[in-house]
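A quick write-up on the structure given underneath.
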Amino acid sequence: MCFVLSHSRFKYCEWQARPFKTSDIIKIHENAFEYWGGHPAEAVYDQDHLILVSENHGDLIYTKEFAAYLQKRKFKIRMCRKADPESKGKIEKVVDYVKENFASNRIFYNIDKWNEDCFKWLKRRGNGKIHSTTRKIPGEVFLEEKKYLQPVLEKIISKTHIISITYQVRKDNTVPIQGNRYTVPRGTYKGPHTNVGVTKIEDQYIVIYDLDTEIEIARHEIPQSKGNLVANNHHRRDKSQKIKTMIENIIKKFTDQDKAKVLLEGIHNEKPRYIRDQLMLIDSVIQSASNSSISKALDYCVKNHLFSAVDFRDAVNHYSKINVESENAPVEIKGITESATSKITGKVKVRSISEYADIMNGSNGG
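Mind the numbering: the sequence shown is residues 1 to 366 in UniProt numbering, read in order.
Structure, rendered in C-alpha coordinates:
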(Lines of atoms letter the chains of each structure in order from A and count residues from 1; the text may use other names and numbers.)
(Lines give C-alpha, C1' and ligand atoms only; values in the text may rest on other atoms or scores of the structure.)
Protein backbone atom coordinates (compact mmCIF):
# COMPACT_ATOMS: atom_id res chain seq x y z
CA MET A 1 0.00 0.00 0.00
CA CYS A 2 1.41 3.40 -1.01
CA PHE A 3 0.84 6.98 0.17
CA VAL A 4 2.26 10.18 -1.31
CA LEU A 5 2.00 13.76 -0.05
CA SER A 6 0.80 15.98 -2.89
CA HIS A 7 3.16 18.95 -2.53
CA SER A 8 6.48 17.36 -1.57
CA ARG A 9 5.90 13.94 -3.24
CA PHE A 10 7.12 12.42 0.05
CA LYS A 11 6.17 8.74 -0.03
CA TYR A 12 5.31 5.95 2.41
CA CYS A 13 4.93 2.29 1.41
CA GLU A 14 4.11 -0.86 3.34
CA TRP A 15 3.79 -4.42 2.10
CA GLN A 16 1.89 -7.51 3.28
CA ALA A 17 2.34 -11.18 2.42
CA ARG A 18 -1.43 -11.82 2.52
CA PRO A 19 -4.55 -10.08 1.17
CA PHE A 20 -5.42 -6.79 2.86
CA LYS A 21 -8.36 -6.37 5.23
CA THR A 22 -9.91 -3.10 6.37
CA SER A 23 -8.15 -3.46 9.72
CA ASP A 24 -4.83 -3.68 7.82
CA ILE A 25 -5.68 -0.51 5.88
CA ILE A 26 -6.35 1.35 9.14
CA LYS A 27 -3.14 0.07 10.72
CA ILE A 28 -1.06 1.17 7.72
CA HIS A 29 -2.72 4.61 7.77
CA GLU A 30 -1.61 5.00 11.37
CA ASN A 31 1.89 3.78 10.54
CA ALA A 32 2.12 6.33 7.71
CA PHE A 33 0.92 9.17 9.95
CA GLU A 34 3.47 8.15 12.58
CA TYR A 35 6.18 8.08 9.88
CA TRP A 36 5.22 11.59 8.74
CA GLY A 37 4.63 12.97 12.23
CA GLY A 38 1.07 14.03 11.38
CA HIS A 39 -1.81 13.51 8.98
CA PRO A 40 -3.18 15.62 6.11
CA ALA A 41 -6.51 17.43 6.34
CA GLU A 42 -7.70 15.67 3.18
CA ALA A 43 -6.92 12.34 1.54
CA VAL A 44 -7.63 11.28 -2.04
CA TYR A 45 -8.13 7.54 -2.60
CA ASP A 46 -8.18 5.28 -5.57
CA GLN A 47 -11.31 3.08 -5.66
CA ASP A 48 -11.03 0.36 -3.01
CA HIS A 49 -13.73 -1.99 -1.69
CA LEU A 50 -12.05 -2.14 1.73
CA ILE A 51 -12.73 1.58 2.18
CA LEU A 52 -15.78 2.33 0.06
CA VAL A 53 -19.02 0.37 -0.29
CA SER A 54 -20.68 2.72 -2.78
CA GLU A 55 -20.22 6.20 -4.24
CA ASN A 56 -24.00 6.61 -3.89
CA HIS A 57 -24.18 9.52 -6.32
CA GLY A 58 -21.66 11.49 -4.30
CA ASP A 59 -22.92 10.61 -0.79
CA LEU A 60 -20.11 8.15 -0.11
CA ILE A 61 -20.91 5.03 1.88
CA TYR A 62 -17.82 3.65 3.65
CA THR A 63 -17.24 0.20 5.05
CA LYS A 64 -18.35 -0.05 8.68
CA GLU A 65 -14.85 -0.29 10.13
CA PHE A 66 -13.39 2.52 8.03
CA ALA A 67 -16.37 4.76 8.81
CA ALA A 68 -15.69 4.24 12.53
CA TYR A 69 -12.03 5.09 11.93
CA LEU A 70 -12.96 8.36 10.18
CA GLN A 71 -15.15 9.31 13.14
CA LYS A 72 -12.04 9.20 15.30
CA ARG A 73 -9.36 10.55 12.94
CA LYS A 74 -11.59 13.16 11.23
CA PHE A 75 -9.99 13.98 7.88
CA LYS A 76 -11.80 14.69 4.62
CA ILE A 77 -11.93 12.14 1.83
CA ARG A 78 -12.20 12.37 -1.94
CA MET A 79 -12.40 9.29 -4.14
CA CYS A 80 -10.79 9.11 -7.56
CA ARG A 81 -13.29 8.72 -10.38
CA LYS A 82 -13.04 5.51 -12.36
CA ALA A 83 -10.73 5.73 -15.39
CA ASP A 84 -9.77 9.31 -14.51
CA PRO A 85 -5.98 9.72 -15.00
CA GLU A 86 -6.08 13.31 -13.73
CA SER A 87 -7.09 12.24 -10.21
CA LYS A 88 -5.50 8.77 -10.18
CA GLY A 89 -2.28 9.52 -12.02
CA LYS A 90 -0.24 10.76 -9.07
CA ILE A 91 -0.67 7.67 -6.89
CA GLU A 92 -0.55 5.25 -9.83
CA LYS A 93 2.85 6.65 -10.78
CA VAL A 94 4.07 6.08 -7.22
CA VAL A 95 2.88 2.46 -7.25
CA ASP A 96 4.57 1.81 -10.61
CA TYR A 97 7.73 3.60 -9.44
CA VAL A 98 8.00 1.46 -6.31
CA LYS A 99 7.31 -1.77 -8.21
CA GLU A 100 9.86 -1.06 -10.93
CA ASN A 101 12.62 0.54 -8.86
CA PHE A 102 12.35 -1.35 -5.57
CA ALA A 103 10.51 -4.63 -6.07
CA SER A 104 11.76 -5.60 -9.52
CA ASN A 105 14.51 -8.27 -9.43
CA ARG A 106 14.80 -8.07 -5.62
CA ILE A 107 15.01 -11.36 -3.71
CA PHE A 108 12.18 -11.91 -1.20
CA TYR A 109 13.24 -13.56 2.08
CA ASN A 110 10.39 -12.64 4.42
CA ILE A 111 7.89 -9.78 4.76
CA ASP A 112 9.68 -8.10 7.69
CA LYS A 113 12.98 -7.99 5.82
CA TRP A 114 11.15 -6.78 2.69
CA ASN A 115 9.51 -3.86 4.54
CA GLU A 116 12.76 -3.00 6.30
CA ASP A 117 14.57 -2.82 2.95
CA CYS A 118 11.73 -0.78 1.47
CA PHE A 119 12.00 1.86 4.23
CA LYS A 120 15.74 2.08 3.65
CA TRP A 121 15.16 2.42 -0.08
CA LEU A 122 12.55 5.15 0.47
CA LYS A 123 14.97 7.15 2.58
CA ARG A 124 17.84 6.68 0.16
CA ARG A 125 16.10 6.75 -3.21
CA GLY A 126 12.33 7.20 -3.14
CA ASN A 127 12.44 10.32 -0.95
CA GLY A 128 16.12 11.12 -1.26
CA LYS A 129 16.58 11.70 -5.00
CA ILE A 130 15.41 14.58 -7.20
CA HIS A 131 11.80 14.09 -8.35
CA SER A 132 11.44 14.02 -12.14
CA THR A 133 8.44 16.41 -12.15
CA THR A 134 9.14 18.87 -9.32
CA ARG A 135 12.94 18.78 -9.81
CA LYS A 136 13.23 18.86 -6.03
CA ILE A 137 14.16 16.28 -3.39
CA PRO A 138 10.96 15.08 -1.64
CA GLY A 139 12.72 14.64 1.70
CA GLU A 140 13.83 18.28 1.73
CA VAL A 141 10.47 19.73 0.61
CA PHE A 142 8.70 17.54 3.19
CA LEU A 143 10.40 19.43 6.04
CA GLU A 144 8.32 22.48 5.07
CA GLU A 145 5.13 20.57 4.21
CA LYS A 146 5.25 18.76 7.56
CA LYS A 147 4.42 22.03 9.33
CA TYR A 148 0.92 21.92 7.79
CA LEU A 149 0.05 18.36 8.84
CA GLN A 150 -2.50 17.80 11.60
CA PRO A 151 -0.85 16.54 14.82
CA VAL A 152 -1.25 12.89 15.78
CA LEU A 153 -1.38 12.61 19.57
CA GLU A 154 -2.52 9.01 19.89
CA LYS A 155 -2.07 6.04 17.61
CA ILE A 156 -5.34 4.34 16.74
CA ILE A 157 -5.53 0.62 16.06
CA SER A 158 -8.38 -1.45 14.70
CA LYS A 159 -9.67 -4.44 16.63
CA THR A 160 -12.74 -6.31 15.43
CA HIS A 161 -14.65 -3.19 14.47
CA ILE A 162 -13.83 -1.45 17.76
CA ILE A 163 -11.65 1.64 17.65
CA SER A 164 -8.86 1.29 20.19
CA ILE A 165 -5.90 3.41 21.21
CA THR A 166 -2.41 2.37 22.29
CA TYR A 167 -1.08 3.58 25.62
CA GLN A 168 2.32 3.21 27.24
CA VAL A 169 2.77 1.11 30.38
CA ARG A 170 4.72 2.73 33.22
CA LYS A 171 7.38 1.07 35.36
CA ASP A 172 4.91 0.63 38.23
CA ASN A 173 2.64 -1.42 35.91
CA THR A 174 0.02 1.29 35.56
CA VAL A 175 -1.44 2.85 32.42
CA PRO A 176 -2.38 6.57 32.47
CA ILE A 177 -5.66 6.99 30.58
CA GLN A 178 -7.56 10.28 30.36
CA GLY A 179 -6.69 11.61 33.80
CA ASN A 180 -6.66 8.33 35.75
CA ARG A 181 -4.15 5.54 36.26
CA TYR A 182 -5.23 1.93 35.80
CA THR A 183 -3.27 -1.08 37.05
CA VAL A 184 -2.20 -4.02 34.89
CA PRO A 185 -0.77 -7.37 36.12
CA ARG A 186 2.71 -7.43 37.59
CA GLY A 187 5.29 -8.11 34.91
CA THR A 188 3.38 -6.36 32.12
CA TYR A 189 6.03 -3.62 31.94
CA LYS A 190 8.94 -4.92 29.83
CA GLY A 191 10.77 -1.67 29.11
CA PRO A 192 10.19 1.90 27.91
CA HIS A 193 8.44 0.76 24.72
CA THR A 194 5.82 -1.43 26.41
CA ASN A 195 2.44 -0.56 24.92
CA VAL A 196 -1.05 -1.95 25.39
CA GLY A 197 -4.34 -1.53 23.56
CA VAL A 198 -7.25 0.18 25.29
CA THR A 199 -10.96 0.21 24.46
CA LYS A 200 -14.04 1.61 26.18
CA ILE A 201 -17.28 -0.28 26.67
CA GLU A 202 -20.29 2.07 26.76
CA ASP A 203 -18.16 4.65 28.62
CA GLN A 204 -18.45 2.47 31.73
CA TYR A 205 -15.44 0.18 31.52
CA ILE A 206 -11.84 0.42 30.36
CA VAL A 207 -10.54 -2.78 28.76
CA ILE A 208 -6.76 -3.18 28.45
CA TYR A 209 -5.35 -5.92 26.22
CA ASP A 210 -2.08 -7.25 24.84
CA LEU A 211 -1.33 -5.80 21.39
CA ASP A 212 0.29 -8.98 20.05
CA THR A 213 -2.20 -11.58 21.23
CA GLU A 214 -5.27 -9.31 21.63
CA ILE A 215 -5.91 -11.10 24.94
CA GLU A 216 -7.59 -9.00 27.65
CA ILE A 217 -5.24 -8.42 30.58
CA ALA A 218 -7.25 -5.94 32.68
CA ARG A 219 -10.74 -4.47 32.98
CA HIS A 220 -11.68 -1.52 35.20
CA GLU A 221 -14.77 0.53 35.90
CA ILE A 222 -14.27 4.17 34.85
CA PRO A 223 -14.51 6.52 37.87
CA GLN A 224 -16.57 9.71 37.73
CA SER A 225 -13.65 11.92 38.82
CA LYS A 226 -10.06 12.38 37.62
CA GLY A 227 -6.73 11.79 39.33
CA ASN A 228 -7.59 8.31 40.64
CA LEU A 229 -5.49 5.19 40.86
CA VAL A 230 -7.92 2.49 39.76
CA ALA A 231 -6.44 -0.75 41.05
CA ASN A 232 -7.18 -4.43 40.98
CA ASN A 233 -5.54 -5.96 44.06
CA HIS A 234 -5.05 -9.19 42.16
CA HIS A 235 -2.58 -7.32 39.91
CA ARG A 236 -0.35 -6.53 42.90
CA ARG A 237 0.10 -10.09 44.09
CA ASP A 238 3.52 -11.62 43.75
CA LYS A 239 2.86 -14.92 41.99
CA SER A 240 6.53 -15.73 41.49
CA GLN A 241 6.74 -18.04 44.53
CA LYS A 242 3.73 -20.10 43.44
CA ILE A 243 5.14 -20.40 39.92
CA LYS A 244 8.48 -21.48 41.34
CA THR A 245 6.74 -24.25 43.27
CA MET A 246 4.87 -25.38 40.15
CA ILE A 247 8.12 -25.56 38.20
CA GLU A 248 9.82 -27.60 40.93
CA ASN A 249 6.92 -30.06 41.15
CA ILE A 250 6.82 -30.63 37.40
CA ILE A 251 10.61 -31.08 37.17
CA LYS A 252 10.32 -33.98 39.65
CA LYS A 253 8.05 -35.82 37.22
CA PHE A 254 10.79 -36.07 34.58
CA THR A 255 13.41 -38.83 34.50
CA ASP A 256 16.14 -36.37 33.47
CA GLN A 257 15.47 -33.55 35.93
CA ASP A 258 18.49 -31.48 34.85
CA LYS A 259 17.24 -31.20 31.28
CA ALA A 260 13.70 -30.60 32.51
CA LYS A 261 14.98 -27.67 34.55
CA VAL A 262 16.66 -26.19 31.45
CA LEU A 263 13.41 -26.52 29.46
CA LEU A 264 11.11 -25.04 32.10
CA GLU A 265 13.43 -22.17 33.00
CA GLY A 266 13.79 -21.39 29.30
CA ILE A 267 10.00 -21.27 28.94
CA HIS A 268 9.75 -19.06 32.03
CA ASN A 269 12.26 -16.60 30.58
CA GLU A 270 10.68 -16.46 27.12
CA LYS A 271 7.00 -16.55 28.11
CA PRO A 272 6.72 -15.12 31.64
CA ARG A 273 3.21 -13.78 31.10
CA TYR A 274 1.87 -17.19 30.05
CA ILE A 275 4.05 -19.38 32.26
CA ARG A 276 1.10 -20.82 34.21
CA ASP A 277 -0.65 -21.95 31.02
CA GLN A 278 2.63 -23.34 29.68
CA LEU A 279 3.28 -25.35 32.85
CA MET A 280 -0.27 -26.72 32.93
CA LEU A 281 0.06 -27.92 29.34
CA ILE A 282 3.39 -29.65 30.04
CA ASP A 283 1.97 -31.28 33.18
CA SER A 284 -0.99 -32.58 31.18
CA VAL A 285 1.27 -33.95 28.44
CA ILE A 286 3.64 -35.88 30.70
CA GLN A 287 0.76 -37.52 32.56
CA SER A 288 -0.58 -39.15 29.41
CA ALA A 289 2.63 -40.07 27.52
CA SER A 290 5.24 -42.80 27.87
CA ASN A 291 8.58 -42.13 29.54
CA SER A 292 10.34 -42.96 26.28
CA SER A 293 8.42 -40.34 24.29
CA ILE A 294 8.84 -37.75 27.04
CA SER A 295 12.61 -38.30 27.24
CA LYS A 296 13.08 -38.07 23.47
CA ALA A 297 10.91 -34.94 23.25
CA LEU A 298 12.82 -33.35 26.13
CA ASP A 299 16.17 -34.05 24.45
CA TYR A 300 14.91 -32.63 21.15
CA CYS A 301 13.49 -29.41 22.65
CA VAL A 302 16.54 -28.65 24.80
CA LYS A 303 18.96 -29.42 21.97
CA ASN A 304 17.09 -27.11 19.56
CA HIS A 305 16.28 -24.41 22.15
CA LEU A 306 12.52 -24.87 21.66
CA PHE A 307 11.31 -23.28 24.88
CA SER A 308 7.60 -23.70 24.35
CA ALA A 309 5.03 -26.06 25.87
CA VAL A 310 3.35 -26.38 22.48
CA ASP A 311 6.62 -27.46 20.83
CA PHE A 312 7.20 -29.96 23.64
CA ARG A 313 3.67 -31.36 23.24
CA ASP A 314 4.13 -31.70 19.47
CA ALA A 315 7.46 -33.47 19.97
CA VAL A 316 5.90 -35.90 22.47
CA ASN A 317 3.07 -36.64 20.04
CA HIS A 318 5.60 -37.24 17.26
CA TYR A 319 7.68 -39.72 19.26
CA SER A 320 4.55 -41.41 20.66
CA LYS A 321 3.35 -42.02 17.11
CA ILE A 322 6.71 -43.51 16.13
CA ASN A 323 6.61 -45.84 19.16
CA VAL A 324 3.10 -47.05 18.30
CA GLU A 325 4.06 -47.69 14.67
CA SER A 326 7.10 -49.64 15.83
CA GLU A 327 5.05 -51.81 18.21
CA ASN A 328 2.42 -52.55 15.56
CA ALA A 329 4.90 -53.32 12.80
CA PRO A 330 4.47 -56.91 11.40
CA VAL A 331 7.10 -59.42 12.52
CA GLU A 332 9.37 -60.47 9.65
CA ILE A 333 9.57 -64.24 9.19
CA LYS A 334 12.95 -65.28 7.87
CA GLY A 335 13.51 -68.42 5.82
CA ILE A 336 16.14 -71.05 6.65
CA THR A 337 19.48 -70.38 5.03
CA GLU A 338 21.77 -73.05 3.57
CA SER A 339 24.21 -72.66 6.43
CA ALA A 340 21.41 -73.18 8.91
CA THR A 341 20.21 -76.25 7.01
CA SER A 342 23.64 -77.85 7.25
CA LYS A 343 23.44 -77.65 11.02
CA ILE A 344 20.38 -79.88 11.13
CA THR A 345 21.87 -83.34 11.86
CA GLY A 346 18.81 -85.34 12.88
CA LYS A 347 17.77 -88.14 10.45
CA VAL A 348 14.40 -89.86 10.12
CA LYS A 349 14.57 -93.66 10.55
CA VAL A 350 13.82 -95.48 7.32
CA ARG A 351 11.90 -98.77 7.78
CA SER A 352 12.13 -101.74 5.43
CA ILE A 353 9.05 -102.35 3.28
CA SER A 354 8.97 -105.93 4.60
CA GLU A 355 8.12 -104.65 8.08
CA TYR A 356 4.97 -103.04 6.74
CA ALA A 357 4.16 -106.25 4.80
CA ASP A 358 4.48 -108.38 7.95
CA ILE A 359 2.17 -106.00 9.82
CA MET A 360 -0.40 -106.19 7.08
CA ASN A 361 -0.20 -110.00 6.89
CA GLY A 362 -0.46 -110.31 10.64
CA SER A 363 -3.54 -108.11 10.74
CA ASN A 364 -5.13 -110.09 7.93
CA GLY A 365 -4.46 -113.28 9.78
CA GLY A 366 -5.96 -111.93 12.94
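Glycine residues also receive a C-beta, built at the ideal position from the N, C-alpha and C atoms.
Going by other Cβ atoms of all chains shown within 10 Å of its Cβ, with 16 needed for buried, is Pro-176 buried or exposed?
exposed
Flag this pair as yes or no: are the beta carbons of Glu-42 and Ile-28 separated by less than 8 Å?
Taking 8 Å as the Cβ cut-off, Glu-42 and Ile-28 do not qualify as a contacting pair.
Taking Asn-233 as the reference, which of Arg-219, Gly-38, Ile-250 has the closest Cα?
Of the listed residues, the one whose Cα sits closest to Asn-233 is Arg-219.
Local Cβ density within 10 Å of Arg-9, reported as buried at 16 or more and exposed below that:
Arg-9 should be labelled buried.
The ligand HEM and Pro-40: does the residue's C-beta get closer than 7 Å to at least one heavy atom of that ligand?
In the structure on display, the ligand HEM does not appear, and there are no ligands present to speak of.
Per the contact definition of three or more C-beta pairs closer than 8 Å, is the segment 91-104 in contact with the segment 51-71?
no
Between which two residues does the beta strand (DSSP E) containing Pro-176 stretch?
174-177
Of the residues Thr-199, Phe-254, Lys-171, which one's Cα is nearest the Cα of Lys-190?
Lys-171
How many whole angstroms separate the CB atoms of Tyr-12 and Tyr-35, which I take to be in contact at a CB cut-off of 8 Å?
Tyr-12 to Tyr-35, Cβ: 5 Å. Contact.
Glu-144 - DSSP class collapsed to helix/strand/coil
helix
Please name the residue or residues paired with Arg-135 in a DSSP beta bridge.
Beta-bridge pairing links Arg-135 to no other residue.
Reduced DSSP secondary structure (H/G/I, E/B, other) of Thr-160:
At Thr-160 the pLDDT is 43, less than 50, meaning the model places this residue with poor confidence and gives no usable figure here.
Quick check: Tyr-167 and Thr-174, are their CB atoms within less than 8 Å of each other?
no
Any beta strand (DSSP E) of 3 or more consecutive residues that is wholly inside the segment 35-74
42-45, 52-54
Thinking Thr-194 and Val-169 are a contact (beta carbons under 8 Å), I'd like their distance in whole angstroms, please.
4 Å
With C-beta atoms as the reference, is Ile-275 less than 8 Å away from Ile-243?
yes
Looking at the strands, I want to know which residues DSSP matches up with Tyr-97.
Beta-bridge pairing links Tyr-97 to no other residue.
Would you list the residues sitting across from Gln-16 in a DSSP beta bridge?
According to DSSP, which records beta bridges pairwise, Gln-16 is partnered with nothing at all.
At a Cβ threshold of 8 Å, is Leu-211 touching chain C?
Absence of chain C from the displayed structure is noted, only one protein chain being present.
His-39, buried or exposed, once every other Cβ within 10 Å from all chains shown has been counted against 16:
buried
Quick check on Gln-71: buried or exposed, where buried means 16 or more other Cβ atoms within 10 Å of its Cβ?
exposed
Exposed or buried, which one is Asn-361 when buried takes at least 16 other CB atoms within 10 Å?
exposed
Secondary structure at Arg-78, three-state DSSP: helix, strand or coil?
strand
Please state whether DSSP places Lys-200 in a helix, a strand or coil.
DSSP, read as helix, strand or coil, puts Lys-200 in strand.
Distance check for Gln-204 and Tyr-109, CA to CA, integer angstroms please.
46 Å
Count the other CB atoms, across all protein chains shown, that sit within 10 Å of the CB of Ala-17; report buried if there are 16 or more and exposed otherwise.
exposed
Using the Cα positions of Pro-19 and Asn-291, report the straight-line distance between them to the nearest angstrom.
Those two C-alpha atoms are separated by around 45 Å.
Using a Cβ-Cβ cut-off of 7 Å (strictly less than) and excluding sequence neighbours within five positions of Asp-24, which residues of its own chain qualify?
Gln-16
Check the C-beta distance from Ser-293 over to Ser-320 and give it rounded, since I have them as a contact under 8 Å.
4 Å
Ile-322 - DSSP class collapsed to helix/strand/coil:
helix
Name the DSSP beta bridge partners of Leu-229, please?
Arg-181
Could you say which of Glu-140, Asp-256, Thr-133, Lys-21 lies nearest to Lys-123 if we only look at CA atoms?
Glu-140
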